[in-house]
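Under our numbering, the first residue of the sequence shown is numbered 34, with each subsequent residue one higher.
Taking it in order: structure first as structure tokens, then the write-up.
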Amino acid sequence: MDNQNLTPVRSALISLFFKDPAKELIQKLVESGIKLYSTGGTLDYIQKMGYEATPVETLTEYPSVFGGRVKTLHPKIFGGILYRRQMESDIKELNEFEIPPIDMVIVDLYPFEQTLEKKATPQEIIEKIDIGGISLIRAAAKNFESTWVLASSEMYQPALEIIDKQGLTTTPSQRKEFAAHAFGVSSHYDTAIFQYMSSGSQATFKKSIHKSKELRYGENPHQQGFFYGDLEKVFTQLHGKELSYNNILDVDGAVSLIKEFEDPTFAIIKHTNACGVASRQTIGEAYREALASDPVSAFGGILIANRNIDGNTAYHINELFFEVILAPDYHEDALNILKQKKNRIILKIINTESPDTIFRSALNGVLLQTANQVQTKPESWKIATELTPDEKTAEDLLFANKIVKHTKSNAIVLAGNKQLLASGTGQTSRVDALKQAIVKANEFKHSLKGAVMASDAFFPFPDCVEIADNAGITSVIQPGGSLRDHESVDYCNKHSMSMVMTSIRHFKH
Numbered sequence: 034m035d036n037q038n039l040t041p042v043r044s045a046l047i048s049l050f051f052k053d054p055a056k057e058l059i060q061k062l063v064e065s066g067i068k069l070y071s072t073g074g075t076l077d078y079i080q081k082m083g084y085e086a087t088p089v090e091t092l093t094e095y096p097s098v099f100g101g102r103v104k105t106l107h108p109k110i111f112g113g114i115l116y117r118r119q120m121e122s123d124i125k126e127l128n129e130f131e132i133p134p135i136d137m138v139i140v141d142l143y144p145f146e147q148t149l150e151k152k153a154t155p156q157e158i159i160e161k162i163d164i165g166g167i168s169l170i171r172a173a174a175k176n177f178e179s180t181w182v183l184a185s186s187e188m189y190q191p192a193l194e195i196i197d198k199q200g201l202t203t204t205p206s207q208r209k210e211f212a213a214h215a216f217g218v219s220s221h222y223d224t225a226i227f228q229y230m231s232s233g234s235q236a237t238f239k240k241s242i243h244k245s246k247e248l249r250y251g252e253n254p255h256q257q258g259f260f261y262g263d264l265e266k267v268f269t270q271l272h273g274k275e276l277s278y279n280n281i282l283d284v285d286g287a288v289s290l291i292k293e294f295e296d297p298t299f300a301i302i303k304h305t306n307a308c309g310v311a312s313r314q315t316i317g318e319a320y321r322e323a324l325a326s327d328p329v330s331a332f333g334g335i336l337i338a339n340r341n342i343d344g345n346t347a348y349h350i351n352e353l354f355f356e357v358i359l360a361p362d363y364h365e366d367a368l369n370i371l372k373q374k375k376n377r378i379i380l381k382i383i384n385t386e387s388p389d390t391i392f393r394s395a396l397n398g399v400l401l402q403t404a405n406q407v408q409t410k411p412e413s414w415k416i417a418t419e420l421t422p423d424e425k426t427a428e429d430l431l432f433a434n435k436i437v438k439h440t441k442s443n444a445i446v447l448a449g450n451k452q453l454l455a456s457g458t459g460q461t462s463r464v465d466a467l468k469q470a471i472v473k474a475n476e477f478k479h480s481l482k483g484a485v486m487a488s489d490a491f492f493p494f495p496d497c498v499e500i501a502d503n504a505g506i507t508s509v510i511q512p513g514g515s516l517r518d519h520e521s522v523d524y525c526n527k528h529s530m531s532m533v534m535t536s537i538r539h540f541k542h
């Protein structure tokens with residue numbers, strides 16, 4: 034650090050919504066002997082701490098007006114922040130208009146996003162749009178060559194560390210780092226307001242997530258990886274190493290899938306696709322049947338349950354090598370068993386809500402779509418064949434359709450007795466996906482006699498239903514919509530198969 038580049042702080046303007054987090058910082062500033070300027074409630078807070086501060090009204094010669102809407106918007110405030118310390122003409126004007134220099138600006142904005150989350154009234158929300166605070170932040174950040182800006186409470190500790198190390202002085206690089214953070218706060222705040230005011234319009238793509246986490250690496254070790262969001266709102270991590278980029282993708286797929294089921298259900302996910310799913314009377318039974326679906330692919334997978342994990346279930350789960358397990362909760366003896374592996378990630382699910390829209394980068398832009406939150410019920414199905422599925426078959430059809438919705442296209446799912454028997458995933462033809470599924474089922478000795486088949490999209494030809502029939506499958510669920518639907522229906526009618534059409538396609542790329 035070059036001591037010659039240190040710029041001292043002699044005055045600071047403080048304007049805070051949440052004040053307590055800044056208590057230690059205010060104490061440090063007072064101990065350093067600098068002049069403090071403050072507004073309204075922040076001024077009262079400082080004075081109650083036993084310290085002196087100058088009201089901004091003594092500079093502006095105007096009181097706070099319009100219910101506090103206007104307090105700091107004045108040339109004597111912004112001039113003191115924005116004047117260029119090395120420019121003689123700016124210094125001349127500063128003296129001419131008796132503008133006091135302000136070397137440091139500390140702001141905590143009105144909590145706009147928190148107000149939205151509280152389902153406040155429109156008027157309450159509008160009043161939480163900060164005007165003066167955001168202007169102070171931008172002004173101080175723009176003039177970072179001379180002014181030090183702290184735009185949120187998360188910067189208080191870094192500031193205290195600087196003060197402890199080098200006193201109330203900063204280097205240009207330190208001020209620039211704080212300014213970059215300040216513009217991040219400002220842009221995030223404005224994005225939240227834009228999204229509220231535009232009422233969900235997608236005419237302009239804006240997305241801002243202020244919380245970020247650097248991951249060990251991306252999809253592969255040579256790629257960088259980051260997560261933007263708050264995982265602590267989704268689950269509590271009870272044990273294990275940090276989640277990787279691929280772990281997060283798989284966990285997202287697992288959570289999306291398990292939300293579809295109400296009965297006790299266990300699922301095993303590999304590369305975002307389900308390789309094992311079963312619904313049973315107990316979660317222990319569901320795990321054993323889910324594992325039986327494909328015990329080879331389950332190795333190193335992601336496990337998820339929609340019921341609490343008991344000790345006996347944990348005992349059997351512990352025999353499998355897996356990366357992550359998620360459940361609503363765990364019995365104490367279950368946790369003791371599962372924690373035997375140091376790196377095993379154990380997550381307690383808090384919230385399975387997901388965004389209404391999803392987006393991804395594509396070419397030189399972004400693709401955005403509403404989330405696929407549609408799942409048809411039997412009462413809305415069209416019975417396409419002469420034969421109607423009985424109640425048990427209909428339950429299996431619904432079960433299979435829930436899984437195929439979350440399987441990479443082209444996708445075929447084979448199921449029976451509320452157990453995933455096999456799936457064909459990510460194939461370039463639907464026939465290949467079906468053949469892959471049949472090979473898998475045979476490999477693990479799953480009988481397909483009386484099983485059902487779900488397809489994520491329509492059958493352009495009757496070849497799939499013929500292959501399925503020859504494998505023992507007796508009922509099919511698919512969206513329909515092909516010009517040649519009748520050929521598949523005719524085949525089913527001739528071979529005593531039932532078929533239902535949902536009118537809902539579930540492509541997943």
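Where is the CB? At the ideal position from N, CA and C, for every residue including glycine.
| the region 412-428 touching the region 456-464, judged by at least three CB pairs closer than 8 Å | no
| field | Whole-Å CB distance - ILE436 paired with LEU467, under 8 Å assumed | value | Their Cβ separation, rounded to whole angstroms, is 15 Å, which puts ILE436 and LEU467 out of contact at 8 Å.
| task | Report yes if the C-beta distance between LYS381 and THR507 is below 8 Å; otherwise report no. | result | no
| request: Can you grab the Cα-Cα spacing for the pair PHE211 / SER219, in whole Å? | output: 12 Å
| Any heavy atom of the ligand ADP closer than 7 Å to the Cβ of MET120? | Only the bare structure without any ligand can be found here, which leaves the ligand ADP out of the picture.
| So, GLY449 versus VAL485, is the Cβ gap smaller than 8 Å? | Taking 8 Å as the cut-off, the Cβ atoms of GLY449 and VAL485 count as close.
| field | Any alpha helix (DSSP H) of 4 or more consecutive residues that is wholly inside the region 274-353 | value | You should have 278-291, 316-326 and 344-350.
| query | In this structure, does DSSP put LYS68 in helix, strand or coil? | reply | strand
| query | With 16 as the cutoff for other CB atoms within 10 Å, does THR403 come out buried or exposed? | reply | exposed
| query | Residues in its own chain within less than 8 Å of THR87 by CB, not counting five upstream and five downstream? | reply | LYS68, LEU69, TYR70 and SER71
| request: Quick one: measure Cβ to Cβ for LEU271 and ILE370, integer angstroms, because I've assumed they're closer than 8 Å. | output: Rounded, the Cβ-Cβ distance is 13 Å, inconsistent with contact.
| Do the CB positions of LEU248 and PHE238 come within less than 8 Å of each other? | no
| query | Can PHE294 and PRO144 be called in contact, C-beta distance under 8 Å? | reply | Taking 8 Å as the Cβ cut-off, PHE294 and PRO144 do not qualify as a contacting pair.
| query | Can the beta-carbon of LYS541 be found less than 8 Å from the beta-carbon of SER387? | reply | no
| Contiguous alpha helix (DSSP H) assignments of at least 4 residues, all confined to the region 437-494 | 463-476
| message | Which residue marks the beginning of the alpha helix (DSSP H) containing GLN373, and which one marks its end? | response | That residue, GLN373, is in no alpha helix (DSSP H); it is neither H nor E in DSSP.
| Closest by C-alpha distance to TYR261, when choosing among ASN280, TYR116, VAL138 and SER241 | SER241 is the residue among ASN280, TYR116, VAL138 and SER241 whose C-alpha sits nearest the C-alpha of TYR261.
| By a C-beta neighbour count over all protein chains shown, 10 Å radius and 16 as the cutoff for buried, is GLU275 buried or exposed? | exposed
| task | Would you kindly work out how many angstroms separate the C-alpha atoms of LEU46 and THR204, rounded to a whole number? | result | 19 Å
| query | How should THR105 be labelled, buried or exposed, when 16 other C-beta atoms within 10 angstroms of its C-beta is the threshold for buried? | reply | buried
| Proximity below 8 Å, CB of SER330 to CB of LYS374 | no
| field | Sequence-distant residues of the same chain with beta carbon closer than 7 Å to GLY286, five excluded per side | value | ILE302, THR305 and HIS439
| What residues in its chain sit with their C-beta under 6 Å from that of ALA433, if we drop five residues either side in the sequence? | Closer than 6 Å at Cβ, skipping near neighbours: VAL446, ALA448, VAL485 and ALA487.
| field | Rounded straight-line distance, which links the Cα of LYS161 to that of HIS107 | value | 21 Å
| For ASP489, which of HIS479, GLY233, ALA338 and MET534 has the nearest alpha-carbon? | If we check each option's Cα against that of ASP489, MET534 comes out closest.
| field | ASN128, buried or exposed, once every other Cβ within 10 Å from all chains shown has been counted against 16 | value | By the neighbour-count criterion, in which 16 or more other beta carbons inside 10 Å mark a residue as buried, ASN128 falls on the exposed side.
| query | What's the gap between the Cα of GLU358 and the Cα of LEU481? | reply | Reading off the sequence shown, one finds Ile at residue 358, where the question assumed Glu. Answer to the nearest angstrom: the Cα atoms are 30 Å apart.
| message | Using only CA atoms, which one of MET120, ASN526, VAL399 and ASP423 lies nearest to ALA236? | response | Proximity to ALA236 across MET120, ASN526, VAL399 and ASP423 peaks at VAL399, based on C-alpha coordinates.
| request: Give me the Cβ distance between ALA174 and VAL182, rounded to the nearest whole Å; I'm assuming they're in contact under 8 Å. | output: 5 Å
| message | Is the separation between the beta-carbon of SER253 and that of THR298 shorter than 8 Å? | response | First, the amino acid is wrong: residue 253 is Asn here, not Ser. Taking 8 Å as the Cβ cut-off, ASN253 and THR298 do not qualify as a contacting pair.
| request: Report all residues from its chain with a CB closer than 6 Å to the CB of ALA215; omit the five preceding and five following residues, and keep chain order. | output: ILE170, ALA174, VAL182 and ALA184
| query | At which residues does the beta strand (DSSP E) containing ILE158 begin and terminate? | reply | Premise fails: ILE158 lies in the alpha helix (DSSP H), 155-160, not in any beta strand (DSSP E).
| GLN452 and SER326: beta carbons closer than 8 Å? | yes
| query | Would PHE494 pass as a contact of ASP518 if the rule is Cβ separation under 8 Å? | reply | Not in contact: PHE494 and ASP518 (Cβ atoms no closer than 8 Å).
| When you compare each of THR409, GLY100 and LYS244 to GLU187 by their alpha carbons, which one comes out closest? | LYS244
| task | State the DSSP-derived secondary structure class of ALA236, mapped to helix, strand or coil. | result | coil
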